[in-house]
Structure formats: structure tokens, C-alpha cells
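Below: the structure, in C-alpha cells.
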Amino acid sequence: MSVHTHEMTLSGALAEAAVLIDGQAYFRLLYTPDAHSTRPAELDHDVRETVLPCVLADPVAAADLAQLPPGAPLTVSGFLALPDTYTADLRLVVLTVDAERPEPRPPATTRPALRLVRTDARTHRLAASPD
Numbered sequence: 001m002s003v004h005t006h007e008m009t010l011s012g013a014l015a016e017a018a019v020l021i022d023g024q025a026y027f028r029l030l031y032t033p034d035a036h037s038t039r040p041a042e043l044d045h046d047v048r049e050t051v052l053p054c055v056l057a058d059p060v061a062a063a064d065l066a067q068l069p070p071g072a073p074l075t076v077s078g079f080l081a082l083p084d085t086y087t088a089d090l091r092l093v094v095l096t097v098d099a100e101r102p103e104p105r106p107p108a109t110t111r112p113a114l115r116l117v118r119t120d121a122r123t124h125r126l127a128a129s130p131d
């Protein structure tokens, strides 16, 4: 039996594609703390990011999660299952997951950014296109 922490919410990115096994999604969350400049005084290095193993037991959400590409932004809520033996693994048991879908980009303009402007008969110069 493992020890559980209080429920927490973390935002990060999908480290690699989730794997489905028996209706559960196993994935790794790339978590980067918001305050990079804070560190414990006794440590001489900053913790910039960590990869946290996660499991999601909801079969419907697990199938949706498995379709997301690596690097997809995620917000997950759940609790840490702390190992009680040296052979058990630390993992985040995910209760809810929210995938932030990227905003659709506007279509690219067909007008070139640069155009050739003739200044005299012998010389050509590049100039920025007027907006």
C-alpha cells in the first residue's frame, strides 16, 4: 500500500505520446516550475524542469490523451502515490486532465515580405514591403 499526498494541480507538457494499457493511459508530464529563480539555500543548482510519471485510469479520457502529440500543453489534477517499498515507483495518479488545444493560426498572407525595388538602371536593392 502506498502513501498518497493531497490533491494537486500541475501544468506542463506531454513529454512523449501516452501509452494505453487496459484502458489506462501511462504518460510522462514535463513540469517546469513557474519561479526559476527560487531554490533551497543548501543547493548549488536550480531545478529547471522535471519529468513526472503519470497514470490516468479514465478509459474515455485516456483514449483522448493517447491521441495528443508530444509537447502538447496539459493541466492535470491528482495526487502523488509515494512508494512504500524500494521496488515501487513514484507516480502522479491523475484524476482530471485538461489538454489545452492550440489556437488556430490565421492563414498566411500571400503578399511577399520583401520586394525588389529598382533604384536606377544599374542597381537593385531589397526593400521591405509597405503594410
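My numbering puts the first residue of the sequence shown at 1, with every later residue one more than the last.
Each residue gets a CB set at the ideal place from its N, CA and C atoms; glycine is no exception.
Keep in mind it's a predicted model, so treat the numbers as computed, not measured.
- [ ] Verify whether the separation of the beta carbon atoms of Leu95 and Ala66 is less than 8 Å.
- [x] no
TODO: Answer yes if the region 16-30 comes into contact with the region 52-60, meaning at least three C-beta pairs across the two stretches below 8 Å, and no otherwise.
DONE: Contact annotation: the region 52-60 touches the region 16-30, with at least three C-beta pairs closer than 8 Å.
TODO: Take Ser11 and list the residues in its own chain whose beta-carbon comes closer than 6 Å to its own, dropping the five residues that flank it on each side.
DONE: Within the same chain, and ignoring the five residues on either side of Ser11 in sequence, the residues whose Cβ sits closer than 6 Å to its Cβ are Thr75.
- [ ] Measure the C-alpha to C-alpha separation of Val93 and Ala18 and round it to an integer number of angstroms.
- [x] 14 Å
- [ ] Note the first and the last residue of the continuous beta strand (DSSP E) segment covering Pro73.
- [x] Pro73 to Leu82
Open item on the list: Is the separation between the beta-carbon of Thr5 and that of Ser77 shorter than 8 Å?
Closed with: Ser77 sits away from Thr5, with the two beta carbons spaced by 8 Å or more.
Open item on the list: Quick check: Pro70 and Glu7, are their CB atoms within less than 8 Å of each other?
Closed with: no
Task: CB-CB length for Leu68 against Leu14, believed under 8 Å - done: Contact between Leu68 and Leu14 holds: their C-beta atoms lie close to 6 Å from each other, under 8 Å.
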